[in-house]
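Visitor: Please read through the structure below; I'll follow up with questions.
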Amino acid sequence: MTARSLSGVGLGLRWEFLEEVLEADALPVAFFEVCPENYMRRGGYYPSALARIAERYPVVTHGLTMSLGSSDPLDPVYLAELRTETLRVGTPWHSDHLCLTTVGKQVLHELVPLKQSTANARRAAERVCVARDALGIPMLVENITWYAHPGRREIPEADFITEVLERADAGLLLDVNNVWVNAQNHGFDPREFIGSLPLSRVKQIHVAGHTRTASGLILDTHGAPVVDPVIELLEWTLALTGPVPVLLERDNAVPELGELLAEVALLAAAYERAQRKREAPLARSA
Amino acid sequence: MPAALERAMADLVFGPAFEPHDQAAVEAWLARAEVEADDRKAILDDGVERLLVYRALVRGTLRGALECAIPRTMARLGPVFDEYFDRFLRERGPESRYLRLVTREYLDFVEPSWKSDARVPSYMKDLAEHEAVQIEIASRSARPDEQESAELDLDRPVAFIEAARLMRYGHAVHLLPDDTLDRTPPEAGPTALFVYRNPEHEVRYLELSPLAADILERLLAGHALGAALRGASGRTEGPLDPDVLSGTTQLLFDLAERGALLGAAPSEGAR
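If you read the sequences in order, they're chains E and W.
According to my numbering, the first sequence is numbered sequentially starting from 18.
According to my numbering, the second sequence is numbered sequentially starting from 14.
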């Protein structure tokens, strides 16, 4: 599989429905995405099942613990093991988040935001380059949901992300739900934000559901269906980026596979509409 | 060394609790991490209520991972678990990027203190270890050569699959019900289980007699089969007891049938 050949709507692979995926003939899913940390340094059922799925479907890897924003050196053992895993599933790229997940020896097990500064962007870009060299495949960087900014914000978030991508010459995994959630929580226009990103660098898109707390804060829980405004934002974004692969994430309150496939079909319809919108002006000019 | 804001975020999620409106506590948190003046001012101006969301998220994730691994231990300990969980995060914190390994880190940290804590029943370590071994064996890596086998030989060690362990408890915790609401104490008494992953990737438990446990313990430690039999039966000279020999043959044959025993290991390094 090559990066260029991947398109359409994929689904985050969850252990809850691994067996169903293995038993089904051919599911209407363009690809599956896995968190490699769930399969690394382990034997048993799950890696064995993933190997069988990777024989039948394209698989991309999406990590959680590279800690691209950390000031500590990247862990070479982790990178070597991650490389083995990426080779094992044949992913065309690896992605991780623009955030902090480790501090010294401690692992936070959550995507903690970085101070949006040029210095942090430069350091993250250097780490993206180190990771790309170690893995031997392209690296994509994902924009995160953040509930509060730690410290004095020196540059706007879009500039922060752009600085990392341009300096590292990396791809963007644009999480449209994260943009929408941030826009609601911090009060900005999500389309304006997306429009200010280097969209030619978008190589994959994520969408997911979220949860509103009693205080009104929206949490990026991946525990509910994608809401209509996010699907509309996805469609609008795809009309700008072209047919990049889209992934439905569902990590909590995981429903039956059938329900997720129905959601994939909804997203696929939005995907098609966006492509028709892109083609319409071309057809007119022809 | 992590930057000040990184230290501050780690301290926020793992360190002492504080109320968002407790100005002195917020200032103390920022001072501990040596956060620079302009960042400190921005945090104080914004308030820390939303930053504290990360404390809840991190702790929820870690607690959830422990709940998957040792649910009955947690339920039986109740608030005592919470106290130790908080201490684990405050004094050590998770160091593995693999969530399933956080349980081992937690137990290694708390078990020495449980011994001297009257609130923790004496069987709790056994129960925690018994619950934790399930994920450990289910996920333990397989060696690439696990398909190879050679005939057993008294002068050679025995090769087991990687996903196999002998567990010794002072209580029959393996007989407790799975129900997290159950509070029945387990019977006291030495208990030995051979825990392994079968070829269908299921974790299986085999209760062992004291002699079988002694033999397997030696074999798992790399002793040659003959030396393990002699050591376990206390017979250092002369022919081996025929009953021990036949019982062991039966046990090893059974383990091979179950896919847990591969055959003779290379004699190099045999003890």
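All C-beta atoms in this analysis are idealised placements derived from N, C-alpha and C, irrespective of residue type, glycine included.
1. Please confirm if residue 95 of chain W has its CB atom under 8 Å from at least one CB of chain E.
2. Would a check of beta-carbon distances place residue 168 of chain W closer than 8 Å to chain E?
3. Could you tell me whether the Cβ atoms of residue 18 of chain W and residue 121 of chain E are closer together than 8 Å?
4. Going by the C-beta, is residue 226 of chain W closer than 7 Å to any heavy atom of the ligand SAH?
5. Span of the beta strand (DSSP E) holding residue 182 of chain W?
6. With which residues is residue 170 of chain W paired in a DSSP beta bridge?
7. To which residues does DSSP link residue 159 of chain E through a beta bridge?
8. Of all Cβ atoms in chain E, is any one closer than 8 Å to the Cβ of residue 47 of chain W?
9. Spell out the partners DSSP gives residue 239 of chain E in its beta bridges.
10. Would you list the one or two residues that DSSP bridges to residue 79 of chain E?
11. Please confirm whether residue 227 of chain W and residue 245 of chain W have their CB atoms less than 8 Å apart.
12. Taking contact to mean 3 or more Cβ pairs, one atom from each stretch, closer than 8 Å, check whether the region 138-146 of chain E and the region 85-92 of chain W are in contact.
13. For a quick check, are the C-beta atoms of residue 234 of chain E and residue 63 of chain W less than 8 Å apart?
14. Does residue 304 of chain E pass the burial test, meaning 16 or more other C-beta atoms within 10 Å, or should it be called exposed?
15. Which residues in chain E have a C-beta closer than 8 Å to the C-beta of residue 108 of chain W? List them in chain order.
16. Give the C-beta separation of residue 181 of chain E and residue 138 of chain E to the nearest angstrom, bearing in mind that I take them to be a contact with Cβ-Cβ under 8 Å.
17. Tell me, please, whether the region 97-114 of chain E touches the region 152-161 of chain E by the rule of three or more beta-carbon pairs shorter than 8 Å.
18. Residue 241 of chain E to residue 227 of chain E, Cα distance in whole Å?
19. Among E/261, E/150 and E/255, which residue has its Cα nearest to the Cα of residue 220 of chain E?
20. Compare the C-beta of residue 162 of chain E against all C-beta atoms of chain W and say whether one is closer than 8 Å.
21. Do residue 130 of chain W and residue 184 of chain W have their C-beta atoms closer together than 8 Å?
22. Against chain E, does residue 34 of chain W count as a neighbour if the rule is that its beta carbon must be under 8 Å from one of theirs?
23. For chain W, is any of its Cβ atoms less than 8 Å away from the one on residue 117 of chain E?
24. In three-state DSSP terms, what is residue 209 of chain W?
25. Between residue 67 of chain W and chain E, is there a C-beta pair that is closer than 8 Å?
26. Our contact map puts residue 148 of chain W next to residue 178 of chain W with C-beta atoms below 8 Å; I'd like the distance itself, whole angstroms only.
Guide: Taking the structure as given:
1. no
2. no
3. no
4. The model depicted lacks the ligand SAH and carries no ligand whatsoever.
5. 177-184
6. W/237
7. E/114 and E/190
8. no
9. Bridge partners of residue 239 of chain E: none, in fact.
10. E/112
11. yes
12. no
13. yes
14. No information on residue 304 of chain E is available, as it lies outside the stretch 18 to 303 that chain E covers here.
15. 122, 123 and 124
16. 5 Å
17. yes
18. 6 Å
19. E/261
20. no
21. no
22. no
23. yes
24. strand
25. yes
26. 12 Å between Cβ atoms; not a contact.
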